[in-house]
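*Asks:*
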Amino acid sequence: IGMATKEDVPLITFMIGLYIFLVLRKRKIGLASILISGIYYWVLTTRIIPYFKGGPFNYEQFDPSLQIGTTTGDLILAAITRPWVVLKVLVTRALKVKTMANLVGSYAFLPLLSPATFALSAPIFAGRFLNSLTQRWLIRFQYSASINPILAVGTILGIENVLKFKSRFEERLPSFVKKIRSSQIIV
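Residue numbers for the sequence shown follow the working numbering, so the first one is 518 and each next one is one higher.
1. With C-beta atoms as the reference, is residue 674 less than 8 Å away from residue 623?
2. Out of 606, 647, 681 and 662, point me to the one whose CA is closest to residue 524's CA.
3. By DSSP, does residue 687 sit in helix, in strand, or in coil?
4. Comparing C-alpha positions only, which one of 649, 620, 616 and 615 sits nearest to residue 513?
5. Let me check understanding here. Comparing Cα to Cα, which of 573, 678, 656 and 543 lies closest to residue 620?
6. Can we say the segment 601-611 touches the segment 534-549, given the rule of at least three CB pairs closer than 8 Å?
7. Can you tell me whether residue 680 is buried or exposed, with buried defined as 16 or more other CB within 10 angstroms of its CB?
8. What is the rounded straight-line gap between the Cα of residue 601 and the Cα of residue 530?
9. Using DSSP with H/G/I as helix, E/B as strand and the rest coil, what is residue 533?
10. So, for residue 638: in the same chain, excluding its five sequence neighbours on each side, which residues have a beta-carbon less than 7 Å away from its beta-carbon?
11. Does the Cβ-Cβ distance between residue 569 and residue 647 come in under 8 Å?
12. Residue 543 to residue 633, Cα distance in whole Å?
13. Candidates 615, 672, 689 and 678: which alpha carbon is nearest residue 654's?
14. Which value, in whole angstroms, describes the spacing of the CA atoms of residue 550 and residue 533?
15. For residue 648, which of helix, strand or coil comes out of DSSP?
16. Given that a residue counts as buried once 16 or more other Cβ atoms are within 10 Å of its Cβ, and exposed if not, what is residue 582?
17. In terms of residues, what are the limits of the alpha helix (DSSP H) holding residue 574?
18. Would you call the CB atoms of residue 547 and residue 561 closer than 8 Å?
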């Protein structure tokens, strides 16, 4: 149902399928999510939207001079073969960096501590910040709607990762440090 709400949602469900496949290791459901999402995105952008629009799907406003291509396929190829170019385009303008910092900073940067879930937002960040439409770079409008739920989940899982690290760290403390901490001696 979610894939019918916004044209970039199939990219999110694709990444969720990848997460299910790689991280949760539920191969069948992950692969099914990947395939259904990928096929639906292709049908949506090559058949459905062009039919109702009366012209080609041009949501991807990639500037050819940026050397990342003009389609999603070109961008994926550039990300694999020339990731430094894609990263450069992603952070070249100060407004992009400020908006990204505001988005992640709104969650105390905790989604960064859960890289697997933070990666789910990669297609949204790519579609938003690798194009030449400056209005997409702003914090306003609907462009944050797809990213925020993922960042919220990433925050929860980031906190969980911090707590796991803390407990592992405390388990490895030498016994004399534990005794000092438990005695609550104030110096």
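Positions of the beta carbon are idealized from the N, C-alpha and C atoms, including for glycine.
*Replies:* Reading from the atomic positions:
1. no
2. 662
3. helix
4. The structure shown has nothing for residue 513, since the chain only spans 518 to 704.
5. 656
6. no
7. exposed
8. 26 Å
9. helix
10. 664, 667 and 668
11. no
12. 15 Å
13. 615
14. 8 Å
15. coil
16. exposed
17. Careful: residue 574 lies outside any alpha helix (DSSP H) and carries neither H nor E.
18. no
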